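This report concerns only the one structure given below.
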Amino acid sequence: MTAAAFRDADYSAPPAEPGGDPGEVALIDSLRDDSGWMPELSLVAVDGELIVGHVVGSRAWLGDSPAVGLGPLSVSPERQKAGVGSALMHAILGAADALGESIVGLLGEPSYYARFGFVPAALHDVKAPDISWGEYFQVRTLTTYGGAAGLFSYAAPFEAV
Ligand SMILES: CC(C)(COP(=O)(O)OP(=O)(O)OC[C@H]1O[C@@H](n2cnc3c(N)ncnc32)[C@H](O)[C@@H]1OP(=O)(O)O)[C@@H](O)C(=O)NCCC(=O)NCCS
Numbered sequence: 026m027t028a029a030a031f032r033d034a035d036y037s038a039p040p041a042e043p044g045g046d047p048g049e050v051a052l053i054d055s056l057r058d059d060s061g062w063m064p065e066l067s068l069v070a071v072d073g074e075l076i077v078g079h080v081v082g083s084r085a086w087l088g089d090s091p092a093v094g095l096g097p098l099s100v101s102p103e104r105q106k107a108g109v110g111s112a113l114m115h116a117i118l119g120a121a122d123a124l125g126e127s128i129v130g131l132l133g134e135p136s137y138y139a140r141f142g143f144v145p146a147a148l149h150d151v152k153a154p155d156i157s158w159g160e161y162f163q164v165r166t167l168t169t170y171g172g173a174a175g176l177f178s179y180a181a182p183f184e185a186v
């Protein structure tokens, strides 16, 4: 499902070998084996027994403070634009908030993620792992956020993407 979603996407991580699955597939596999994997923030959308969407949150850092890195987010191509992605986003943000997490960061299209409360990270003096990401690196603060700022770093597997 991840491969199908990202094969059709405007932007996706390069495959490890020509013609292979988009890099997001290997990223999810690597995250599962990493200490940053947060099973409580790996959520699927189902239709009966069929998985039609998946969102992942993993342990990230804002300076020395824990944060959540969001992604990949994927919805089956044939089920897109029917609210599945929005449902997954609301669910993961609600779960992260209930778990006491304070801030979520992601790289993505601002016109999609603004509706979930994401703003350019620079508004909170949060620096992207890669400065060239500009306004595409966004954060969403949660209830316990107390104004932390600094460099955002994802779980290690993201470095290979
Ligand atoms: C992005 C994605 C998760 C959205 O899921 P979805 O279930 O189709 O989204 P929803 O039905 O909740 O929302 C649809 C809305 O999002 C918009 N949208 C979807 N993808 C978008 C994008 N890349 N940029 C801007 N808007 C986007 C649609 O135009 C639609 O807008 P509308 O509500 O104003 O009509 C899905 O399209 C997907 O899996 N894409 C391929 C993988 C991908 O790009 N993932 C995100 C990587 S950061």
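Be aware that the sequence shown starts at 26, since it is given in the numbering used here, and climbs by one per residue.
Where a beta carbon is used, it is the ideal one built from N, C-alpha and C, also for glycine.
Please read all numbers here as calculations on a predicted model, not as lab measurements.
task = Identify, in the order they occur along the chain, each residue of the same chain with its Cβ nearer than 6 Å to the Cβ of L95, setting aside the five sequence neighbours on each side.
result = G82, V129, L131
message = Going by DSSP, what residue range makes up the beta strand (DSSP E) through F183?
response = Looking at the DSSP string, F183 is not in any beta strand (DSSP E), and its letter there is neither H nor E.
message = Suppose only complete runs of 3+ residues qualify. What are the beta strand (DSSP E) ranges in the region 54-97, listed by chain order?
response = 62-72, 75-87
query = What does a CB cutoff of less than 6 Å around V80 pick up in its chain, not counting 5 residues either side in sequence?
reply = L68, L98, L113, I117
Per-residue burial, L148 [other beta carbons within 10 Å of its own, 16 or more giving buried] = exposed
ask   = Does the count of Cβ pairs from the region 137-155 and the region 168-175 closer than 8 Å reach three?
value = yes
ask   = Rounded to a whole number of angstroms, what is the C-alpha to C-alpha distance between M26 and T168?
value = 32 Å
message = Nearest by alpha-carbon distance to A34: which of P102, W158, G125, R57 is it?
response = P102
inquiry  = With H, G and I counted as helix, E and B as strand and the rest as coil, what does DSSP make of L132?
reply    = strand
request  = Name, in chain order, the residues that DSSP records as bridge partners for P145.
outcome  = Q163
query = In whole angstroms, what is the alpha-carbon distance linking P91 and G44?
reply = 36 Å
request  = Compare the C-alpha of A180 against each of M63, G142, A41, G125 and name the closest.
outcome  = M63
ask   = Closer than 7 Å: is that where the CB of G133 sits relative to any heavy atom of ligand 1?
value = yes
key: chain D contact for F141 (CB, 8 Å cutoff)   = The displayed structure is made up of one protein chain only, and chain D is not part of it.
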